[in-house]
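Heads up: the sequence shown begins at 1 in this note's numbering, then just goes up one per residue.
Glycine included, each C-beta is placed from N, C-alpha and C at the ideal position.
Being a predicted model, the structure only gives us computed values, none of them experimental.
Read through the structure below, which is laid out as structure tokens, and then see the notes.
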Amino acid sequence: MRFEFATAARIVLGAGTLAELGPLAPTFGRHALVVTGRDPARAARLLELLAQAAVTATILPIAHEPTLDDIARAVAAARAAGCDCAIGFGGGSALDAAKAIAGLLTNDGELLDYLEVVGRARPLAHPGAPCIAIPTTAGTGSEVTRNSVLASPAHRLKVSLRSPYLLPRLALVDPELTYDLPPAVTASTGLDALTQLIEPYVCTRANPLTDGLCAEGIRRAARSLRVACDDGHHASAREDLAVASLFGGLALANAGLGAVHGFASPIGGMFAAPHGAICAALLPHVTAANLAALRARAPGSPALARYDEVARLLTGRATATADDAVPWLHDLVAAVRIPRLSTYGIAHADFSAIAAAAANASSMKSNPIAFTPAELTAILERAL
Ligand SMILES: [Zn+2]
């Protein structure tokens with residue numbers, strides 16, 4: 001056994017903890033670049049806390065998943081304004097943008113120098129500017145991961161800027177910030193979180209530390225996802241989802257993912273579909289395909305016993321076995337109204353390009369079994 005575990009320098013989770021930003025913010029810097037989602041008005045309370053703490057704020061709304069151009073422009077603007085720290089306040093897009101901008105603020109050269117796949121993949125040479133990550137959805141766990149997912153529309157690709165220096169200095173997780181999310185966003189982001197707990201648990205790089213996080217996270221997501229979709233202000237359900245999302249981020253950053261995320265990366269680059277919704281639409285089908293392929297080609301794989309445990313955690317029944325996980329996931333996806341992949345314009349003609357790109361995606365490499373091209377296509381067919 002060999003594993004390592006790295007995460008944000010400090011994690012604070014709890015209802016109302018946003019208020020703690022006031023005293024903490026000045027210890028990170030005097031002039032913050034505040035990256036928000038589409039509507040910066042949602043950050044009004046955050047901006048008030050910064051003003052009371054005499055921290056200057058330069059606001060940058062990000063309306064979509066950040067592109068390479070967005071980041072390059074934001075870094076130039078943050079340098080010109082004299083920002084010495086970054087705060088991400090929003091969903092995964094705002095957090096990923098803040099992490100990338102903070103990382104580049106202290107490193108010379110251009111973004112492409114440091115990007116994998118489309119760039120020169122040089123490691124960041126210096127620690128980034130201090131970054132505070134405050135999620136307002138419960139899904140990506142980006143507040144504790146070391147990569148930023150960026151879109152390259154020219155390549156129809158999503159690529160990662162990746163470095164231990166991108167880990168935020170502070171992850172501030174306040175479940176109250178998710179109370180007013182609409183049910184559809186709660187559903188898709190919550191199912192992303194659940195996927196990010198199941199995939200690291202059954203993946204080839206699972207370790208005892210991430211196993212514990214995954215088991216606890218799956219239990220909480222399973223009991224609270226429907227509740228939070230039905231009643232956004234249900235405090236304990238929102239808290240469960242915030243914990244599940246955080247634990248998913250901790251697990252994926254230190255173990256790995258699997259085929260759902262292997263598909264989600266190229267699909268997200270090629271189509272305008274929210275990451276969580278793609279993962280949600282694929283999760284039951286990938287689970288069924290993994291079980292079938294493991295039984296056919298690797299019946300001794302420890303992943304099969306892990307799927308039995310996943311089924312027990314999802315259903316809450318001590319006698320459940322792996323086969324109970326698939327109908328349970330189908331029922332959940334139907335109950336919270338996850339759209340099918342065809343909703344986003346994906347068609348049969350796209351299958352070969354998606355399957356080819358998915359086969360080479362980094363997440364696919366830690367899936368418990370390697371899928372054949374025919375199996376990859378069959379998964380897309382069922383999720384279409
Ligand atoms: Zn995900």
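Whether residue i touches residue j by CB criterion (9 Å)
| i | j | result |
| --- | --- | --- |
| Pro266 | Lys158 | yes |
| Arg226 | Leu332 | yes |
| Leu18 | Leu49 | yes |
| Leu170 | Arg10 | yes |
| Ala228 | Thr178 | yes |
| Ala102 | Val34 | no |
| Glu216 | Val173 | no |
| Ala272 | Ser188 | no |
| Thr210 | Ala251 | yes |
| Thr36 | Arg42 | yes |
| Ala394 | Leu376 | No answer is possible for residue 394: it lies beyond the span of the chain, which begins at 1 and ends at 384. |
| Pro40 | Pro23 | no |
| Ile369 | Leu283 | no |
| Pro200 | Gly248 | yes |
| Gly88 | Ala78 | no |
| Asn147 | Leu124 | no |
Environment of residue i [buried if 16+ CB atoms lie within 10 Å]
| i | result |
| --- | --- |
| Thr195 | buried |
| His285 | buried |
| Ser352 | exposed |
| Phe28 | buried |
| Arg386 | Only positions 1 to 384 of the chain appear in the structure, and residue 386 is not among them; the question remains open. |
| His275 | buried |
| Ser245 | buried |
| Pro66 | buried |
| Asp192 | buried |
| Phe371 | buried |
| Ala82 | Here the sequence assigns Gly to residue 82, which means Ala is not the residue at that position. The residue in question, Gly82, is exposed, as its Cβ has fewer than 16 Cβ neighbours within 10 Å. |
| Ala51 | exposed |
| Thr136 | buried |
| Asn360 | exposed |
| Ser163 | buried |
| Thr287 | buried |
| Thr186 | buried |
| Pro208 | exposed |
| Ala100 | buried |
| Asp84 | buried |
Residue nearest to residue i in terms of C-alpha spacing, selected from the options
| i | options | result |
| --- | --- | --- |
| Thr140 | Leu314, Ser301, Leu257 and Ala361 | Leu257 |
| Ile71 | Ala53, Ser93 and Ala57 | Ser93 |
| Val386 | Ala97, Ala138, Leu150 and Leu105 | This structure gives no information on residue 386, because the portion of the chain shown stretches from 1 to 384. |
| Ala355 | Asn367, Ala334 and Ile379 | Ile379 |
| Glu4 | Thr321, Leu313, Ala347 and Asn254 | Asn254 |
| Leu241 | Ala259, Leu250 and Ala222 | Ala222 |
| Gly16 | Ala357, Leu95 and Glu176 | Glu176 |
| Thr145 | Val185, Pro182, Leu95 and Ala259 | Leu95 |
| Leu112 | Lys99, Asp69 and Gly128 | Asp69 |
| Ala305 | Cys203, Gly128, Leu329 and Ala374 | Cys203 |
| Leu167 | Pro182, Arg156 and Pro130 | Pro130 |
Below-9 Å beta-carbon distance, residue i vs any chain B residue
| i | result |
| --- | --- |
| Pro368 | In the displayed structure, chain B is absent; only one protein chain is listed. |
Any non-hydrogen atom of ligand 3 within 8 Å of residue i CB
| i | result |
| --- | --- |
| Gly139 | As for ligand 3, it is missing from this structure, which binds only ligand 1. |
Could you pull out every unbroken beta strand (DSSP E) segment of at least 3 residues lying fully inside the region 134 to 201, listed in chain order? With a minimum length of 3 residues, the continuous beta strand (DSSP E) runs that stay inside the region 134 to 201 are 147 to 152, 157 to 162 and 170 to 173.
Within the chosen definition, does the region 29 to 42 reach the region 230 to 240 through at least 3 CB pairs nearer than 8 Å? These segments do not touch.
Taking the runs of the alpha helix (DSSP H) that are 4 residues or longer, which of them lie wholly in the region 275 to 305? Counting whole runs of 4 or more residues, the region 275 to 305 contains the alpha helix (DSSP H) stretches 275 to 297.
Hey, which unbroken runs of the alpha helix (DSSP H) at 4 residues or more fall wholly within the region 307 to 375? Taken in chain order, the unbroken stretches of alpha helix (DSSP H) that lie wholly in the region 307 to 375 and span 4 residues or more are 322 to 335 and 351 to 359.
Alpha helix (DSSP H) runs wholly inside the region 47 to 125, at least 4 long, in chain order: Entirely contained in the region 47 to 125, the alpha helix (DSSP H) runs reaching 4 residues are, in chain order, 68 to 81, 92 to 105 and 111 to 114.
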